[in-house]
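In the numbering used here, the protein residues as written are 860 to 1076.
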């Protein structure tokens, strides 16, 4: 058995690492734009010195934007892939952000109830068993703390296939990318121990953003 099952799964899924890194970097402006921060500001209430973790830091774009808003916060980023951690390190150089490679399907190297907010953007579907990420987030987020989950959701095959060839590879990606509906994401978040505050679809229903609060007790 591999010591890094989630990384192995990601490498199989994202066969072209250069293309994957490019997509992660170039999609950041669309993900973390006005709509994202409007919902964040509406719901997520944090003290200036809060601890925020990014589960799937990617290029580091979210934490870079958050640092501008929260200069005194403790910001921590985790990613499955060492090259993504390296890329985030370039983006976040000099910003005082902690970065770690970690299998997000395994317990996070953080104490129980030590985090004020956990964020995961386009990482959930990359895991062999995605609910593991929510279980580990529930352990480290304090009661009353926040979870923001953003991920691709189910949409029609015909729409997904626009501009693509109908190959085994694209169908494999479709199965992983389009497995869950927005309601499915919300149900899993609730099941993990959070109370969902709002579910918003983005990009014509192709993505969903779930904002939830860690249940007390």
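In this text, a Cβ means the ideal position worked out from N, Cα and C, and glycines have one as well.
Grab the span of the beta strand (DSSP E) containing residue i for me, first residue to last.
i            : result
residue 1002 : 1000-1011
residue 936  : 933-938
residue 893  : Taken as a continuous stretch (DSSP letters only), residue 893 belongs to no beta strand (DSSP E), being part of the alpha helix (DSSP H) at 893-902.
residue 921  : Premise fails: residue 921 lies in the alpha helix (DSSP H), 920-928, not in any beta strand (DSSP E).
Relative to the C-alpha of residue i, which candidate in the options has its C-alpha closest?
i            : options                   : result
residue 1042 : 999, 1055 and 911         : 1055
residue 907  : 1071, 1073 and 933        : 933
residue 1015 : 902, 1008, 1066 and 992   : 1066
residue 975  : 926, 912 and 986          : 912
residue 914  : 1019, 1028 and 939        : 939
residue 905  : 1060, 930, 1009 and 894   : 930
residue 1005 : 944, 1028, 972 and 961    : 972
residue 954  : 926, 1032 and 979         : 926
residue 1046 : 1026, 900 and 1071        : 1071
residue 981  : 1044, 910 and 1023        : 1044
residue 924  : 896, 910, 945 and 941     : 896
residue 837  : 1064, 898, 1025 and 878   : Lying outside 860 to 1076, the shown extent of the chain, residue 837 is not represented and no answer is given.
residue 1034 : 1011, 1021, 1048 and 1049 : 1011
residue 889  : 947, 1061 and 1017        : 1061
Taking the continuous alpha helix (DSSP H) assigned at residue i, which residues delimit it?
i            : result
residue 1036 : 1027-1036
residue 905  : It is not in any alpha helix (DSSP H) - residue 905 carries neither H nor E in the DSSP assignment.
Using 8 Å for Cβ pairs, my map puts residue i next to residue j. What's the rounded Cβ distance?
i            : j            : result
residue 1053 : residue 964  : Not confirmed; about 18 Å, so no contact.
residue 885  : residue 919  : Actually they do not touch by this definition, with Cβ atoms about 14 Å apart.
residue 958  : residue 916  : 7 Å
residue 967  : residue 988  : Their Cβ separation, rounded to whole angstroms, is 16 Å, which puts residue 967 and residue 988 out of contact at 8 Å.
residue 1051 : residue 990  : 7 Å
residue 1008 : residue 1039 : Their Cβ separation, rounded to whole angstroms, is 11 Å, which puts residue 1008 and residue 1039 out of contact at 8 Å.
residue 893  : residue 922  : Not confirmed; about 18 Å, so no contact.
Where DSSP assigns a beta bridge to residue i, which residues make up the other side?
i            : result
residue 885  : Note: residue 885 sits in no beta bridge, so no partner.
residue 914  : 937
residue 1054 : 1072
residue 1061 : 1066
Compute the minimum distance between the beta carbon of residue i and the heavy atoms of the ligand NAD, and state whether it is under 7 Å.
i           : result
residue 908 : As far as ligands go, the structure on display features none, and thus does not contain the ligand NAD.
* **Whole alpha helix (DSSP H) elements within the stretch 948-989, 4-residue minimum** => none
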